[in-house]
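Counted the way numbering that gives the first Met the number 0 counts, the sequence shown spans residues 0 to 316.
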Amino acid sequence: MVLPNCSTTSPVVDTAVGTLLALECGLGLPGNAIALWTFFFRLKVWKPYAIYLFSLVVADLLLTICLPFFAAFYLRHKTWALSLKSCQVLLFLLLLSRGVGVAFLAAVALDRYLRVVHPRFKVNLLPPWACWGISVLVWLLLGALTCHSLFISTPAWNATECPSFYPMTAASRVTWPDMFFLLQLLLPFGLVVFCNSSVLRTLQRRLREPDRQPQLRRARVLVTVVLLLFTLCFLPSMLASVLVQTLRGSGSCSVLRVVVHTADLAGSLTYLHSVLSPVLYCFSNPAFTHSYRKVLDSLRGRGRTTGAPSFDKPSYS
């Protein structure tokens, strides 16, 4: 149960978190909407890499659509103005979209690893329909694993609260949601680090000719972007979650406040990947770069007549 007479609300922290979430929505929504438009109108060939990126875009869009409600919750100092059911649905969609986004970041890294490091593996010959099937299974599996958010216990609910993703209780035991949160970040993070470092070593051996150095530099930048994205967005949340599990049974109100405030700030960073993902798309294929540049030029009042490149395969594979 929650520690008695122990308020964990901080107007400064709540306002900072709510503002950051609102900014993430405002920046992430147009970037991912343009990416989705690129898939529908610029994509010529649906290859596995594109299919996984498409699921990543859909997950990021779903996440950014939910963020305004979550931002309002914090800007109202953790006061929920809607019903219990809406709170449950919001938590479910946020957890699902974040988990799916992380999973497909890892899927993209794994697909790139297999095609570059082990190009003769038969798994690289999977037809598009099989990749679509894998994508659907990932969505269904993560939906099943995150459905616990749809069953908030009645005693913990009142008309003005919506439970946080981070536990605010004095219980010492580790729950399934806590373990799942750590696993869904730790496992993909390790996979992304391994796959991208292996890809970079392989490309360094293959692209030694001077005329292929631009490809190598582009691959290095892409690997750096992915690793920075994971480190900036998810590492603080993983550390905060470990801190919560370590100190949640301390019985001290001052400790509980610091832990919850730290977890709230770190948790808000996990949604930052929906803003940074368009950077990943730009380095993955020129079609995205063209789409973003076209929108920027339109906003500046300049039109372009050059044709858009098609999305066929990763630019360095």
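C-beta atoms are modelled at their ideal positions from N, C-alpha and C, and glycine is treated no differently.
First through last residue of the alpha helix (DSSP H) which encompasses residue i
i      : result
Val137 : 127-144
Gly300 : Element bounds for Gly300: n/a, residue is neither H nor E.
Ser253 : 252-268
Cβ distance (whole Å) where residue i is taken to contact residue j below 8 angstroms
i      : j      : result
Leu113 : Asn123 : 6 angstroms
Leu264 : Val16  : 6 angstroms
Pro187 : Val101 : 5 angstroms
Cys24  : Ala70  : 7 angstroms
Leu268 : Cys232 : 6 angstroms
Thr8   : Lys77  : 6 angstroms
Val198 : Arg111 : 6 angstroms
Ser290 : Trp36  : 7 angstroms
Cys194 : Leu141 : So it is not a contact: roughly 20 angstroms between Cβ atoms.
Leu61  : Leu92  : 6 angstroms
Gly30  : Val222 : The pair is not a contact, with the Cβ atoms about 21 angstroms apart (cut-off 8 angstroms).
Leu149 : Gln87  : 5 angstroms
Tyr280 : Leu52  : 7 angstroms
Helix, strand or coil at residue i [DSSP, three-state]
i      : result
Pro154 : Reliability fails at Pro154, whose pLDDT of 40 lies under 50, so the model's placement of it is uncertain and the value that follows must be treated cautiously. Helix at Pro154.
Leu81  : coil
Pro321 : It is not possible to answer for residue 321, since the shown part of the chain is limited to 0 through 316.
His117 : coil
Leu184 : helix
Ala170 : In this predicted model, Ala170 has a pLDDT of only 48, less than 50, meaning its place in the structure is not dependable; the value taken from the coordinates is given anyway. Reduced to three states, the DSSP call for Ala170 is coil.
Thr201 : helix
His147 : helix
Ser54  : helix
His76  : coil
Ser236 : helix
Ser276 : helix
Ser9   : coil
Tyr165 : Only weak support is given to the placement of Tyr165: the predicted model assigns it a pLDDT of 42, under 50, and the value that follows is read from those uncertain coordinates. Residue state, collapsed to three classes: coil.
Leu19  : helix
Asp296 : helix
Residue from the options whose Cα sits closest to the Cα of residue i
i      : options                        : result
Phe180 : Val191, Leu144, Arg204         : Leu144
Leu64  : Ser196, Tyr270, Cys232         : Checking the displayed sequence, the identity of residue 64 turns out to be Ile instead of Leu. Selected option, being the one with the closest Cα: Tyr270.
Val278 : Ser96, Phe188, Ile33           : Ile33
Leu226 : Trp131, Ser196, His260, Met178 : Ser196
His260 : Ala239, His272, Gln244         : Ala239
Leu185 : Asp296, Gly98, Leu60, Gln203   : Gly98
Leu246 : Val258, Leu221, Gly30          : Val258
Arg216 : Leu62, Arg200, Phe38, Phe53    : Arg200
Leu28  : Ser276, Thr14, Asp296, Tyr51   : Ser276
Asp13  : Phe53, Lys43, Leu149, Tyr73    : Tyr73
Ile50  : Arg219, Ser253, Gly132         : Gly132
Ala345 : Thr37, Ser236, Pro67, Ala105   : Outside the displayed range of the chain (0 to 316) lies residue 345, so it cannot be described from this structure.
Leu234 : Gln183, Val107, Arg205         : Gln183
Lys319 : Ser85, Arg75, Val107, Arg119   : As displayed, the chain neither begins before 0 nor continues past 316, which places residue 319 out of reach and without an answer.
Thr230 : Cys146, Tyr48, Ala262, His272  : His272
Leu90  : Leu52, Leu42, Pro118, His147   : His147
Pro118 : Ser85, Phe39, Leu202           : Leu202
Gln244 : Ser54, Arg75, Ala262, Ser253   : Ala262
Met237 : Lys293, Val44, Leu81, Met178   : Met178
Phe103 : Ser134, Val116, Arg75, Trp128  : Ser134
Arg204 : Thr18, Val220, Val44, Val115   : Val115
Ala105 : Ser253, Arg75, Leu228          : Leu228
Chain D within 8 angstroms of residue i, Cβ atoms only
i     : result
Phe38 : Absence of chain D from the displayed structure is noted, only one protein chain being present.
beta-carbon residue i near the ligand FAD non-hydrogen atom, thresh 7 angstroms
i      : result
Val278 : Within the structure as shown, the ligand FAD is missing, as the structure has no ligands at all.
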